[in-house]
Amino acid sequence: MADRIALRTCPLCEAGCGLEITVRESAREAGTRDSVEHTVVRIRGDMNDVFSKGYLCPKGSTLKQLHEDPDRLRQPMVKRNGTHVAVTWDEAWAEVDRGLGAVIATHGRESIGTYLGNPGAHNLSAMTFNRVLLTAIGSRQRFSASSVDQVPKQVSAGFMFGTAVSVPVPDLDRTDLLLMLGANPYASNGSLATAPDWPGRLEAIRERGGRIIVVDPRLSRTAESADEWLAIRPGTDALLLAAMVNAVFAAGRASVGDHLVEHVNGLREVEGALGAFTPEAVEAAVGIDAATIRRIALELCDANRAAVYGRIGTCTVSFGTTASWLVDVLNTVTGNLDVVGGAMFPLPVAASPTTRGKPGIGKGFKTGRGKTRVRGFPEALGEYPAALMAEEITTPGTGQIRAMVVVGGNPVLSTPNSGQLDDALASLDFMVSVDIYLNETSRHAHVILPAPSHLYRSHYDLALLNFGLRSVANYSAPVFELPPGVPDEWEILAKLAAIAQGLGADADPATVDEVTIRSLIESTVRDESCVIAGRNPDDIYESLSGPANGSLRGPDRILDLFLRIGPFGDGFGTTPGGVTLAELKRHPHGMDFGALIPRVPEVLRTPSGKIELAPPVLLSDLPRLEASLNQDPNAVLLVGRRHLRSNNSWMHNIRVLVKGKARCTLQIHPDDAARLGVKDGSPVRITSRVGMVVAPAEITEGIRPRVVSLPHGWGHDVPGTRQGIAHEFAGVNSNVLTDHEAIDPLSGNAVLNGIPVTLAAATV
Ligand SMILES: Nc1nc2c(c(=O)[nH]1)N[C@H]1C(S)=C(S)[C@@H](COP(=O)(O)OP(=O)(O)OC[C@H]3O[C@@H](n4cnc5c(=O)[nH]c(N)nc54)[C@H](O)[C@@H]3O)O[C@H]1N2
Ligand SMILES: Nc1nc2c(c(=O)[nH]1)N[C@H]1C(S)=C(S)[C@@H](COP(=O)(O)OP(=O)(O)OC[C@H]3O[C@@H](n4cnc5c(=O)[nH]c(N)nc54)[C@H](O)[C@@H]3O)O[C@H]1N2
Ligand code: SF4
Ligand SMILES: [Mo]
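Add 38 to the 1-based position in the sequence shown for our numbering, that's all there is to it.
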């Protein structure tokens, strides 16, 4: 057979690059399991992709190696006598039914915990059926990678603008000045601001005469390419931002702009609340001099178009929510919120809470609608802090977690005090992992249910396009047809849901799918502000599911509903020519509905219908922020970092990505290395309150003295896993050092940067 080209959005990171995949298919001899043999010949950037235009990073092409990786699980695994053995799907489902059923029968639903990992945010199956699974399980013991990541930004956006995804993004393509804190898009390709080729977009800012300022304790690749690098002391971005806002007010330059005057509450309250945070008051703690703080604050006012953007380094710290809030306060008071070239609200094509409900007003946002069982820590976004998962498993009492359901997550490497969590997972009565590998976390699972290779699944970035720098839609059809008898990931999730509901091991995922679409349609037609309000649900169902629409089922059918009721949708006939899944399929390189447009006040969903610049919850954290001015300037603080060729804790079983220079090194300043007497490459013992690891030193001028950096996601040398290559390039687990007690009180997010450590030369 001739080669064919398949187009697909890369699911590995938030950039969502278009891939052009050359595929060879040849007929197999009769009697083999699949009738067609597939080979991925080559993967390169899709030059015609509407958003990425051919850009891709070194990880994108390795979907081929991932697809072919012999260690990637193809069959379910069940733990027997301490060892995982491959079983049939029927055996695996029977085991899940027995295991989950027994825990529910004995301890009740609250004893089942869930952890949803990061790849789910890039996965149409998970985006449509994880919620179904959580509802079916019916336990409040919900955890996810969100609370080791972006929850602080979602909480601050929720209080200010009304929904947890009302997150302004920097309008990179039209800005003249970008102030970037705690983000390294040259490695990570951008986060909570979705666009392919961040490096190219940043270079374009400078080419058109603009400036980029990077705030980072390390001279990251992004800082290296910027006009200015400010080597901040870890964990102090909230102080820096507070001082910048203070300086803008003090200079009499605070102005939200004519476009926002009518739409902002709390401007004077913010001015008063931040009175103590003068540039002079914060400079010692922050490690950046007052004159520089003041100058940059005023540059943001003077620039024609400027944007402030903060990410991991501003979120995964003790003042994560406060810093995230202050980023948008600074954008607002410098007149840069909701203007072209400033910080703007995305207009997603599908499934955004910012395009649902009555425009301009809403119920607003709350946290604390429940408290953790053990220490009474408040809920955020319907979840509890991942940092507290271990104590919920190990502390006896009613509601103690006795079983875990983990979907696409590796919390043993990704969440704080992993040593403790590792032990906790080992103590469970039952655990099931939906994962593609037998790794540090899934090794604890009694049953591992393997999701099929990405190339067998359809794809649409339902989550990340909520943060798109343009309104883009792109659907990827499966590259290969699933072999008979192998469930798609959504079918795995739907069947798990059915089993959790007590429907037994023979339950049909199709039934769950039907119930799901019916209830989605029902709630949509009941929503008065929806374009299909009051329509007959059966007609909508038929329009989605009938042969004329390709007899859609599963995630594709849900996606079609979301597209059609979205701002560019056909509204099931209301807006002829509007987007549908069928239309999207006719545009395999994607559809681009344009650059960002100003959205205030329509985007707001606060009860007041205004931007809340001074939410009381945020003001209440300021005394704690002020107390943090008195820090020990001599403390040695650990931060993390990312590498372009790595992806959190996985993609480490792909040789082309891990070979070469060791990645898991401790970056350390020459002065600190000299004091310890360590040479480049020699081992350093790093000790925190909760743990100790030894990693080789990488001596570099590109880090602030008294700051050291170790990447996360390594430590693949534990027994009982099946990742041969990752094992060879094991590295050490930095989250052995991060402290489960250190949590941002407003969001429950873990503190993963700015960890106090002591260092010593280690003997080999
Ligand atoms: N110290 C420190 N820790 C951190 C961070 C940090 O900066 N510093 N960053 C944090 C951040 S931002 C994040 S998002 C978290 C990530 O935390 P997690 O989501 O817990 O970890 P990942 O490494 O993304 O693990 C992904 C898992 O999903 C599996 N997988 C991959 N693709 C699929 C799929 O299609 N389906 C299924 N079912 N499984 C799949 C992989 O095999 C792996 O087991 O880590 C956090 N941890
Ligand atoms: N190649 C690759 N790409 C990825 C990922 C990956 O693992 N590898 N992970 C994906 C995920 S899940 C996410 S969430 C995104 C994250 O994307 P980013 O937010 O860009 O994360 P990082 O690349 O880790 O950059 C964080 C930077 O913050 C700095 N930093 C640490 N502490 C502080 C601090 O206190 N203040 C300030 N100002 N800076 C600090 C670090 O030195 C680092 O350079 O990347 C995504 N993309
Ligand atoms: S930047 Fe790399 S990993 Fe991210 S979507 Fe693009 S090709 Fe994939
Ligand atoms: Mo993340």
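Built from N, CA and C at the ideal position, the CB exists for glycine as well. Every value quoted in this text rests on a predicted model; they were computed, and no experiment measured them.
Within its chain, find whatever has a CB closer than 7 Å to the CB of residue i; leave out the 5 residues flanking it on each side and keep chain order.
i    : result
G69  : Residue placement at G69 cannot be trusted, given a pLDDT of 49 that sits under 50; the coordinates are not used to answer.
I578 : I559, V563, I570 and F610
G408 : R178 and E417
A545 : K533, A536 and I537
P708 : I737 and E739
F197 : F403, E650, P653, V655 and L656
A289 : L336
I793 : L675, L676, S726, L775, T776 and D777
A800 : P721, V722, R723 and V732
S581 : N587 and F610
Q539 : A174
Q458 : A428 and H778
Tell me, to the nearest whole angstrom, how far the beta carbon of residue i is from that of residue j; I am working on the premise that it is less than 8 Å.
i    : j    : result
V716 : V722 : 6 Å
A764 : A735 : That belief does not hold up - the Cβ atoms of A764 and A735 are roughly 23 Å apart, past 8 Å.
A124 : A543 : No, A124 and A543 are not in contact; Cβ-Cβ is about 18 Å, not under 8 Å.
L101 : L57  : 7 Å
R495 : E527 : 6 Å
N448 : T479 : 5 Å
Y153 : V444 : 5 Å
Between residue i and residue j, is the Cβ-Cβ spacing less than 8 Å?
i    : j    : result
D499 : P488 : no
L138 : P454 : no
L171 : L531 : yes
P206 : M85  : no
L507 : T232 : yes
G740 : R349 : no
V189 : N787 : yes
A253 : I270 : A small correction: the amino acid at residue 253 is Val; Ala does not occupy that position in the sequence shown. A contact, by the Cβ cut-off of 8 Å.
H160 : L502 : yes
A389 : G604 : yes
N691 : Q761 : yes
G678 : S583 : no
Y93  : C55  : yes
N504 : P384 : yes
V795 : S726 : yes
D659 : L619 : no
A221 : Y347 : yes
V186 : G273 : no
L338 : T372 : yes
L748 : I486 : no
H492 : P49  : yes
S99  : D235 : no
Within a Cβ cutoff of 8 Å, which residues of the same chain sit near residue i, ignoring the five residues on either side of it in sequence?
i    : result
I596 : T166, T554, I555 and L558
R212 : R343, V378, G379 and A633
L466 : I431, I439, R440, A441, M442 and H482
D565 : R394, G395 and A571
V203 : Q192, A195, S390, P391, T392, N504 and F505
R591 : A548, D551 and S583
Starting from the C-beta of residue i, find all residues in its chain whose C-beta is less than 6 Å away, skip the five residues before and the five after it, and write them out in chain order.
i    : result
G588 : none
P237 : Y224
P317 : A281, A285, A328, I331 and R332
T359 : P190, V193, S194, D782, L784 and S785
R742 : P255 and A269
I150 : I175, S177 and A441
Can you confirm whether the region 506-524 touches the region 401-408 when touching is taken to mean that 3 or more C-beta pairs between the two stretches lie within less than 8 Å? Judged by Cβ distances under 8 Å, the region 401-408 makes no contact with the region 506-524, as fewer than three pairs qualify.
Ligand 3 site residues, beta-carbon cut 6 Å against heavy atoms: Spelled out in chain order, the answer is C48, L50, C51, A53, G54, C55, L94, C95, K97, G98, N227 and P234.
Near ligand 4, which residues have their beta-carbon closer than 6 Å to a heavy atom? Here the residues come out as N156 and D187.
Any 3 or more C-beta pairs closer than 8 Å across the region 213-226 and the region 236-251: The answer is yes - the region 236-251 touches the region 213-226, with three or more Cβ pairs under 8 Å.
Using 8 Å as the cut-off, can you tell me whether the region 511-518 makes contact with the region 41-49, which would need three or more C-beta pairs spanning the two stretches below that distance? In short, these stretches touch, since the Cβ pair count reaches three.
Do the region 115-123 and the region 647-665 touch if we need at least three Cβ pairs shorter than 8 Å? Put simply, the region 115-123 does not touch the region 647-665. Fewer than three CB pairs are less than 8 Å apart.
Okay, do the region 388-403 and the region 640-658 touch, 3+ Cβ pairs below 8 Å being the bar? With the cut-off at 8 Å, the region 388-403 and the region 640-658 touch.
For the structure I just gave you, are there three or more beta carbon pairs, one from the region 295-309 and one from the region 647-654, closer than 8 Å? With three or more CB-CB distances shorter than 8 Å, the region 295-309 counts as touching the region 647-654.
I want to know whether the region 355-365 touches the region 322-335 - three or more CB-CB distances under 8 Å. No, they do not touch.
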